[in-house]
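Structure first, then comments.
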Amino acid sequence: MKTGFRNVIRDFSIILSAVYLVLITVMSLSPFLRIEEFKISHWNWKAIDAKEIKALPFWDSGYKRMGNSYTDVSYIYQPDKTLYRKTESEALKRYYPFWNRQDRDVLINEFSKAVSEKIEKKDFVVFYNTENQEKSKLFLSTDLFCFQGSLFYNFITSLVMMILVILGLVSAIVLFSKRTTLK
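Quick note: the sequence shown uses this note's numbering, first residue 4, plus one each step.
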């Protein structure tokens with residue numbers, strides 16, 4: 004068993020990296036935890052009710068894939084007598100895998116309905132900075148778990164696509180080489 008300083012540092016770095024990756028993955032999957040982390044790291048920000056909120060859903064066509072839905076949200080809040088109008092860019096995202104064959108317009112409509120329901124149910128939180136009231140942050144989802152809206156989901160579906168492409172290429176090479184050896 005090696006106990007040199009380099010080995011201890013290497014082992015610590017590996018463990019720290021693994022813990023960091025797990026934390027980032029969990030934070031990516033949970034809007035609720037992102038909100039809680041924001042509350043802790045921005046202790047001087049307070050929650051406030053939005054006076055008006057409007058969502059603008061968009062579609063982003065990905066390279067060689069169906070695409071992704073996201074929404075920009077404009078909202079108005081009033082901490083004192085002054086009204087502030089802000090826009091939260093990409094407040095909610097939904098990633099679609101390449102194998103999803105639903106029509107793009109259907110997916111956009113479903114996403115728009117989901118966003119509208121969140122707004123109607125007031126399933127969002129707006130925070131503002133008490134020291135600088137012009138600064139604010141909107142979280143459009145307070146769900147405990149949102150797999151399709153996380154970068155982890157996007158990573159997994161992209162990884163599956165790469166594995167399928169590699170398997171397809173390998174099987175094509177194997178089949179081609181067998182055909183040429185049989186002739």
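Ideal Cβ positions, reconstructed from N, Cα and C, are used throughout, including at glycine. From a predicted model like this one, the values you see are computed outputs, not experimental measurements.
ask   = For ARG97, which three-state DSSP category applies?
value = For the purposes of this step, residue 97 is taken as the residue at position 94 of the sequence shown. The answer is strand: DSSP assigns ARG97 an E or B state.
message = Check this for me: beta carbons of SER144 and LEU178, under 9 Å apart or not?
response = If you number the sequence shown from 1, residue 144 lands on position 141. If you number the sequence shown from 1, residue 178 lands on position 175. No, the pair does not count as a contact, with Cβ atoms beyond the cut-off.
request  = Evaluate the contact criterion for the stretch 72-91 versus the stretch 49-57: three or more CB pairs, one atom per stretch, below 8 Å.
outcome  = yes
request  = Alpha carbon to alpha carbon, how far is PRO100 from ARG68? Give it in angstroms, no decimals.
outcome  = For the purposes of this step, residue 68 is taken as the residue at position 65 of the sequence shown. For the purposes of this step, residue 100 is taken as the residue at position 97 of the sequence shown. Reliability of the predicted coordinates at ARG68 is poor, the pLDDT of 46 falling under 50, and the value obtained from them is presented with this limitation in mind. Distance between the alpha carbons of ARG68 and PRO100 is about 7 Å.
inquiry  = Taking 9 Å as the threshold (C-beta atoms), are LEU154 and SER72 in contact?
reply    = Here the question's residue 72 lines up with position 69 in the sequence shown. Here the question's residue 154 lines up with position 151 in the sequence shown. Cβ atoms of SER72 and LEU154: not closer than 9 Å.
task = Would you kindly report the start and end of the unbroken beta strand (DSSP E) that includes LYS49?
result = The sequence position of residue 49 within the sequence shown is 46, counting from 1. Unbroken beta strand (DSSP E) run through LYS49: 48-51.
task = State buried or exposed for LYS116, treating a residue as buried only when at least 16 other CB atoms are found within 10 Å of its CB.
result = Within the sequence shown, the letter at position 113 stands for residue 116. Exposed, since its Cβ has fewer than 16 Cβ neighbours within 10 Å.
key: Residues bridged to LYS89 [DSSP beta-bridge criterion]   = Along the sequence shown, one-based indexing puts residue 89 at 86. BP columns for LYS89 point to TYR78.
request  = Give the DSSP-derived three-state secondary structure of LYS125 in the structure shown.
outcome  = Within the sequence shown, the letter at position 122 stands for residue 125. Note: LYS125 maps to coil in three-state DSSP.
query = Start and end of the beta strand (DSSP E) containing LYS140?
reply = By 1-based counting over the sequence shown, the position of residue 140 is 137. Run containing LYS140: 139-142, per the beta strand (DSSP E) assignment.
ask   = How would you label ASN157, buried or exposed, when you count the other beta carbons within 10 angstroms and need 16 or more for buried?
value = Locating residue 157 in the sequence shown gives position 154, counting from the first residue. Buried, because 16 or more other Cβ atoms sit within 10 Å of the Cβ of ASN157.
message = Quick check: what's the CA-CA separation for PHE127 versus TRP46?
response = Residue 127 sits at position 124 when you count from the first residue of the sequence shown. Residue 46 sits at position 43 when you count from the first residue of the sequence shown. Going by the C-alpha atoms only, they are around 19 Å apart.
key: For SER161 and TYR66, the rounded distance between their alpha carbons   = Along the sequence shown, read from residue 1 onward, the residue named residue 66 stands at position 63. Along the sequence shown, read from residue 1 onward, the residue named residue 161 stands at position 158. Because the pLDDT of TYR66 is 48, which lies under 50, any placement of that residue in the model is unreliable, and the question is left without a value.
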